[in-house]
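Peer 1: In the numbering used here, the protein residues as written are -4 to 339.
Don't be surprised by glycine CBs; every beta carbon is placed ideally from N, CA and C.
Put into structure tokens, the structure is as follows:
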């Protein structure tokens, strides 16, 4: 058993306007962003950076939307700087005119290439934003499509079986302080759990029975800051800081944003979300019971090497065995024990 910190990191860093009280509220926001966004492939010679007159740090990008200038976000500015080989952190300290000259020089000095541009048009005709500068084959999976799939399978995320987790296993009102639904114009993160239909696990710890809840994370970025991914796991409870305690059976599947990513989401991840929503706790219980009863028919180190495709070093194997013995009070004996040790 171990702790998962992903949701806690989100909880600690997200401002109020990136916290949502339901999946439906998040979907409304993401649909608005999707409606105002557009993506195109442009030549690197087609864009130009200019300083904003009277603004020491202000920059605008011309040519991206075929009309007026757009404002680079902090993220897309970093992508532009990386594209021309300039340190983004240093570039942000320069006066806007000097930063623009450096970026334009870098764009002209490089061999001409195609760029994948994503823009978000401003509401009511206000200046839009340059949201991303990626390669031309970037396979964008839109956040709105992902959240839509979650709503279809799990409802609003606050009233069904799978919902924003409570605190120490108890239902509490969902607020912007304790929510686990986060999104911005850069990325999204969702954590839902079914703490009502817990799974009975005989002999879970120190020979005594216990119960585990099901949970999952989903994350994505439309602009290239991370892959699309989903992780499923079992756990004891979630504390007020949104740390997942007593986690086990952690499984993660990711899709890189290559040109085939949207098709892979439709063909692989959407069905996986559906299957997880419809899976019965009985089947999970049966799988756990089988693992708990399946005694290793080989040396523990041989099993760990095979289980992890020989990616574990001898030192790491020793750490797995020592951790399990320390936390469970006995050496690894079954498949369940081995997976528990690897997870920890």
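So residue 163 packs on residue 100, CB below 8 Å; how close in whole Å?
Peer 2: As a first step, residue 163 is located in the chain shown; it is residue number 168 there, counting from the start. As a first step, residue 100 is located in the chain shown; it is residue number 105 there, counting from the start. The pair is not a contact, with the Cβ atoms about 57 Å apart (cut-off 8 Å).
Peer 1: In angstroms, rounded to a whole number, what distance separates the CA positions of residue 180 and residue 256?
Peer 2: Position 185 of the chain shown holds residue 180. Position 261 of the chain shown holds residue 256. Answer to the nearest angstrom: the Cα atoms are 20 Å apart.
Peer 1: Output yes or no for whether 9 Å exceeds the beta carbon distance between residue 187 and residue 207.
Peer 2: Here residue 187 refers to the residue found at position 192 when the chain shown is read from its first residue. Here residue 207 refers to the residue found at position 212 when the chain shown is read from its first residue. Going by C-beta atoms, residue 187 is not nearer than 9 Å to residue 207.
Peer 1: Any contact between the region 14 to 21 and the region 242 to 254? By contact I mean 3 or more CB pairs, one from each, below 8 Å.
Peer 2: Segments in contact, no.
Peer 1: Apart from the five residues just before and just after residue 298, which ones in its own chain have a Cβ nearer than 7 Å to its Cβ?
Peer 2: As a working note, residue 298 is residue 303 in the chain shown. Here the set comprises 291, 333.
Peer 1: For residue 2, count neighbouring Cβ atoms within 10 angstroms of its own Cβ and tell me buried if that reaches 16, exposed if not.
Peer 2: For this step, residue 2 is matched to residue 7 along the chain shown. Buried: at least 16 other Cβ atoms inside 10 Å.
Peer 1: Taking all protein chains shown into account, decide if residue 209 is buried (16 or more other Cβ within 10 angstroms of its Cβ) or exposed.
Peer 2: Along the chain shown, one-based indexing puts residue 209 at 214. It is buried - the Cβ of residue 209 has at least 16 other Cβ atoms within 10 Å.
Peer 1: Which residue's Cα is closest to the Cα of residue 192: 115, 147, 160?
Peer 2: One-based indexing of the chain shown puts residue 192 at position 197. Per the Cα distances, 160.
Peer 1: Between which two residues does the beta strand (DSSP E) containing residue 109 stretch?
Peer 2: Counting from one through the chain shown, the residue named residue 109 turns up at place 114. 109 to 115 is the span of the beta strand (DSSP E), which, as asked, contains residue 109.
Peer 1: Going by DSSP, name the residue or residues bridged to residue 329.
Peer 2: Taking the chain shown and counting its residues from 1, one reaches residue 329 at position 334. DSSP output for residue 329 lists 290 as bridge partner(s).
Peer 1: Exposed or buried, which one is residue 272 when buried takes at least 16 other CB atoms within 10 Å?
Peer 2: As a first step, residue 272 is located in the chain shown; it is residue number 277 there, counting from the start. So residue 272 counts as buried.
Peer 1: Quick check for students: name the residue ranges of the alpha helix (DSSP H) that lie wholly in the region 54 to 83, counting only runs of 4 or more.
Peer 2: 69 to 78
Peer 1: Consider the C-beta atom of residue 205 and the heavy atoms of the ligand NAP; say whether any pair is separated by less than 8 Å.
Peer 2: This structure simply doesn't include the ligand NAP, nor any ligand for that matter.
Peer 1: Mind checking which residues open and close the alpha helix (DSSP H) that includes residue 318?
Peer 2: One-based indexing of the chain shown puts residue 318 at position 323. Here the alpha helix (DSSP H) through residue 318 covers 309 to 323.
Peer 1: Taking Cβ to Cβ, would you say residue 139 is nearer than 9 Å to residue 29?
Peer 2: Within the chain shown, the letter at position 144 stands for residue 139. Within the chain shown, the letter at position 34 stands for residue 29. Yes; because the gap between Cβ atoms is below 9 Å, this pair is in contact.
Peer 1: So, with DSSP's three-state summary, where would you put residue 47?
Peer 2: In the chain shown, residue 47 corresponds to position 52, counting from 1. Reduced to three states, the DSSP call for residue 47 is coil.
Peer 1: Give the straight-line distance between the Cα atoms of residue 254 and residue 326, rounded to the nearest whole angstrom.
Peer 2: In the chain shown, counting from the first residue as 1, residue 254 sits at position 259. In the chain shown, counting from the first residue as 1, residue 326 sits at position 331. Spanning the two alpha carbons is a distance of roughly 46 Å.
Peer 1: Use the C-beta contact count for residue 84: other C-beta atoms within 10 angstroms, 16 or more gives buried, fewer gives exposed.
Peer 2: For the purposes of this step, residue 84 is taken as the residue at position 89 of the chain shown. Answer is exposed; the Cβ neighbour count stays below 16.
Peer 1: Judging by CA-CA distance, which residue of 185, 24, 235, 129 is the nearest neighbour of residue 220?
Peer 2: Your numbering for residue 220 matches position 225 in the chain shown. Comparing Cα positions, the closest option is 129.
Peer 1: Give the secondary structure of residue 218 by DSSP, where H, G and I count as helix, E and B as strand, and everything else as coil.
Peer 2: One-based indexing of the chain shown puts residue 218 at position 223. Correct three-state label for residue 218: coil.
Peer 1: Is the separation between the beta-carbon of residue 250 and that of residue 222 shorter than 9 Å?
Peer 2: Translated into positions along the chain shown, residue 250 becomes position 255. Translated into positions along the chain shown, residue 222 becomes position 227. It is a contact, given that the beta carbons lie within the stated cut-off.
Peer 1: State yes or no: is the C-beta of residue 54 within less than 9 Å of the C-beta of residue 91?
Peer 2: As a position in the chain shown, residue 54 is number 59, starting the count at 1. As a position in the chain shown, residue 91 is number 96, starting the count at 1. In contact: residue 54 and residue 91 (Cβ atoms closer than 9 Å).
Peer 1: Would you kindly check if the distance between the Cβ of residue 32 and the Cβ of residue 115 is under 9 Å?
Peer 2: Working through the chain shown from its first residue, we reach residue 115 at position 120. Working through the chain shown from its first residue, we reach residue 32 at position 37. For residue 115 and residue 32, yes; Cβs fall inside 9 Å.
Peer 1: Could you check if residue 144 is buried or exposed, using at least 16 other CB atoms within 10 Å of its CB as the buried criterion?
Peer 2: One-based indexing of the chain shown puts residue 144 at position 149. By the neighbour-count criterion, in which 16 or more other beta carbons inside 10 Å mark a residue as buried, residue 144 falls on the buried side.
Peer 1: So within the region 234 to 260, which uninterrupted alpha helix (DSSP H) runs reach at least 4 residues, ignoring any that extend past its ends?
Peer 2: 256 to 259
Peer 1: Taking the alpha carbon of residue 367 as the reference point, which residue from 147, -2, 124 has its own alpha carbon closest?
Peer 2: Because residue 367 is not part of the residues shown, which for the chain are -4 to 339, the question remains open.
Peer 1: Let's see if you can read the secondary structure: which residues bound the beta strand (DSSP E) around residue 228?
Peer 2: Within the chain shown, numbered from 1, the residue matching residue 228 stands at position 233. First-last of the beta strand (DSSP E) with residue 228: 223 to 230.
Peer 1: Using CA atoms only, rank isn't needed, just tell me which of 216, 65, 172 is closest to residue 236.
Peer 2: Within the chain shown, residue 236 is the residue found at index 241, counting from 1. Of the listed residues, the one whose Cα sits closest to residue 236 is 172.
Peer 1: What does a CB cutoff of less than 8 Å around residue 328 pick up in its chain, not counting 5 residues either side in sequence?
Peer 2: As a first step, residue 328 is located in the chain shown; it is residue number 333 there, counting from the start. If we look at residue 328 and ignore the five residues flanking it on each side, its Cβ neighbours are 290, 291.
Peer 1: For residue 136 and residue 112, what's the separation of their Cα atoms in angstroms?
Peer 2: As a position in the chain shown, residue 136 is number 141, starting the count at 1. As a position in the chain shown, residue 112 is number 117, starting the count at 1. Distance between the alpha carbons of residue 136 and residue 112 is about 14 Å.
Peer 1: May I ask you to report which of helix, strand or coil DSSP gives residue 182?
Peer 2: Taking the first residue of the chain shown as 1, we reach residue 182 at position 187. Residue state, collapsed to three classes: coil.
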